[in-house]
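Below is one structure, written out as C-alpha cells; the observations come after it.
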Amino acid sequence: MNEVNSPSVLLPIVDSISLTSSTCTTYPCLRFHDGQVFEAENDELAVETAVAMIYNGIAHTVQMCSATDLEDLAIGFSVTEGIIDSVKDIHDIEVVIGCNGIEVHMTLANRHFERLKRARRNMSGRTGCGICGTESLQHVVRPVTPVSNITSLPYSAVQRALSSFKQHQLLNQITGSTHAAAYISSTGEILAIREDVGRHNALDKLIGHYLSADYKNGAILISSRASFEMVQKVASANVGILLAISGATSMAVDLSRSLNLTLAGYCRIGRMNLYTHAERIEFID
Numbered sequence: 002m003n004e005v006n007s008p009s010v011l012l013p014i015v016d017s018i019s020l021t022s023s024t025c026t027t028y029p030c031l032r033f034h035d036g037q038v039f040e041a042e043n044d045e046l047a048v049e050t051a052v053a054m055i056y057n058g059i060a061h062t063v064q065m066c067s068a069t070d071l072e073d074l075a076i077g078f079s080v081t082e083g084i085i086d087s088v089k090d091i092h093d094i095e096v097v098i099g100c101n102g103i104e105v106h107m108t109l110a111n112r113h114f115e116r117l118k119r120a121r122r123n124m125s126g127r128t129g130c131g132i133c134g135t136e137s138l139q140h141v142v143r144p145v146t147p148v149s150n151i152t153s154l155p156y157s158a159v160q161r162a163l164s165s166f167k168q169h170q171l172l173n174q175i176t177g178s179t180h181a182a183a184y185i186s187s188t189g190e191i192l193a194i195r196e197d198v199g200r201h202n203a204l205d206k207l208i209g210h211y212l213s214a215d216y217k218n219g220a221i222l223i224s225s226r227a228s229f230e231m232v233q234k235v236a237s238a239n240v241g242i243l244l245a246i247s248g249a250t251s252m253a254v255d256l257s258r259s260l261n262l263t264l265a266g267y268c269r270i271g272r273m274n275l276y277t278h279a280e281r282i283e284f285i286d
C-alpha cells in the first residue's frame, strides 16, 4: 500500500511519462502519399488500457487511459468528481496490474465513501467523454465552489509556456495521438505535465499531482478544447486560470463566468481569445 501523503506520490515534474510498452507500441502500416503507396513502415501507437477505480473494495468506474501516473489520476479523478474534498481523504492507494487491465484500489474515509454510495454513477468511461453513463442529467453539472484563487498571469508568461508546451509532450511526440495538461508558473515555466489518450484523464492526472505539490500563482494549460467538464475539474482544484489550445464551448464559458474562472481559448503564439475574467491576464507594454 502507498500512503497518499508519502513523498513517493510526488512524481518527477516534467518527464513523468515512461515510454514503455504500457504507453506506446509498434504496429505495421502502409503509408500513402499523393494517392500512392509511399512505403511500408512501423508506426508508434498510443496504448489504451482499461483502468478500474475501486473505492473501499467497490468498483466505481472503468476508464480507458494511458497507464502512467495512475496515483495522480486516482487523486485527481476523486477530487474533480466530488468524491473527496482533498488528498487527505484517501488513506491509501494501491495499483494492481491484472490480465485484462489495471485496478486502482483506494481506501476512503467513511464519510466520503458514504457520499460516494449516495451519488453513485454506473458509468463506463471513454477517452472522449466525461459524462458517459451518468444516470440523471441533473448530475452532469454538479455544484462546485467558485474559485477563490484570483492570481493574475502576465501575457508574456502564457507565450513562454506555449513556446515550450510541445517539447514537453514526450508521448505525443512519439505517437501523435495523446492529450496533455500542464501547470505553468507566473513566469511561464512548465512545472508539471501529464499526458493521456483521454483529455479528461490528462487533466485529472495533472490535478492529482498539483494537489499533492506546493504550486502557487499559476495556471493550467490543456492541449484540447475547453468543455464544461474541463472547467468543472479546474474549478474543483481551485485553479483560477484555464488556457486551452483549442476553442471553448458555450457551456464552458457560462460555467467559467459563474465559477469565477478565467477562460482563454485558441491560445497560440501571438494570440488568444479571452472569454471570462480577462482582468487576470496582464498585458504590459
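Per our numbering, the sequence shown starts with residue 2, numbered consecutively.
Just so it is clear, CB atoms sit at the ideal spot from N, CA and C, and this is done for glycine as well.
Exercise. If Gly266 sits next to Ser247, beta carbons under 8 Å apart, how far is it from one beta carbon to the other, in whole angstroms?
Worked result: 7 Å
Exercise. Between the C-alpha atoms of Thr188 and Ala236, what's the straight-line distance to the nearest angstrom?
Worked result: 22 Å
For this session: With DSSP collapsed to three states, give me the class of Thr24.
Result: coil
Exercise. Closest by CA to Cys25, which one among Thr146, Ser178, Leu256?
Worked result: Ser178
For this session: Would you mind listing the alpha helix (DSSP H) stretches within the segment 47-117 that are 4+ residues and don't spill past its ends, in chain order?
Result: 71-81
Exercise. How should Thr27 be labelled, buried or exposed, when 16 other C-beta atoms within 10 angstroms of its C-beta is the threshold for buried?
Worked result: exposed
For this session: May I have the straight-line CA-CA distance separating His169 from Ala182, to the nearest angstrom?
Result: 10 Å
For this session: Ignore the nearest five residues each way along the sequence and tell me which others in Arg200's own chain have a CB closer than 6 Å to its CB.
Result: His180, Ser225
Exercise. Whole-angstrom Cβ separation of Met54 and Val105, contact assumed at under 8 Å?
Worked result: 6 Å
Exercise. Which value, in whole angstroms, describes the spacing of the CA atoms of Asp16 and Tyr276?
Worked result: Unreliable placement is indicated for Asp16, whose pLDDT of 44 sits below 50; the coordinate value is still reported in the next sentence. When rounded, the distance between both Cα atoms is 31 Å.
For this session: Could you say if the segment 210-219 and the segment 94-103 meet the contact criterion of at least three C-beta pairs nearer than 8 Å?
Result: no
Problem set entry | Opposing strand residues paired with Leu172 [DSSP bridges] | Paired residue(s): none; Leu172 is not in a bridge.
For this session: Enumerate, from N- to C-terminal direction, the unbroken beta strand (DSSP E) stretches of 3 or more residues contained entirely within the segment 173-218.
Result: 180-185, 191-197
Exercise. Below 7 Å between beta carbons: does that hold for Leu204 and Lys234?
Worked result: yes
Exercise. Roughly how many whole angstroms lie between the Cα atoms of Arg281 and Asn239?
Worked result: 15 Å
Exercise. Are the Cβ atoms of Thr73 and Gly209 separated by less than 7 Å?
Worked result: The question names Thr, but residue 73 in the sequence shown is Asp. Closer than 7 Å, so yes.
Exercise. Whole-angstrom Cβ separation of Ala292 and Ala253, contact assumed at under 8 Å?
Worked result: This structure cannot settle anything about residue 292, because the visible part of the chain is limited to 2 through 286.
Problem set entry | Simplified DSSP assignment, three categories, for Val145 | coil
Exercise. Which residue or residues does DSSP assign as beta-bridge partners of Thr277?
Worked result: Leu264
Exercise. For Arg288, which three-state DSSP category applies?
Worked result: In the structure as shown, the chain starts at 2 and stops at 286, and residue 288 therefore has no counterpart that could be examined.
Exercise. Would you call the CB atoms of Ala162 and Leu222 closer than 7 Å?
Worked result: yes
Problem set entry | Closest residue to Tyr156 among Leu262, Ala75, Val48, Leu244 (Cα-Cα distance) | Leu244
Exercise. Cβ of Gly241 within 7 Å of Cβ of Val145?
Worked result: no
Exercise. What are the boundary residues of the beta strand (DSSP E) that includes Ala238?
Worked result: Element bounds for Ala238: n/a, residue is neither H nor E.
Exercise. Taking DSSP as the reference, what is the three-state secondary structure of Arg226?
Worked result: coil
For this session: Provide the residue span of the alpha helix (DSSP H) that contains Ala249, from first to last.
Result: Per DSSP, Ala249 belongs to no alpha helix (DSSP H) and is neither H nor E.
For this session: Taking Asn101 as the reference, give the member of Arg119, Ile85, Ala68 with the closest Cα.
Result: Ala68
Problem set entry | Distance CB(Val198)-CB(Ala47) smaller than 7 Å | yes
Problem set entry | Secondary structure of Phe33, DSSP reduced to three states | strand
Problem set entry | CA nearest to the CA of Phe229, picked from Leu264, Val88, Thr50, Ile85 | Leu264
Exercise. Considering only C-alpha positions, which residue in the set Asp44, Ile194, Asn150, Leu260 is nearest to Pro29?
Worked result: Asp44
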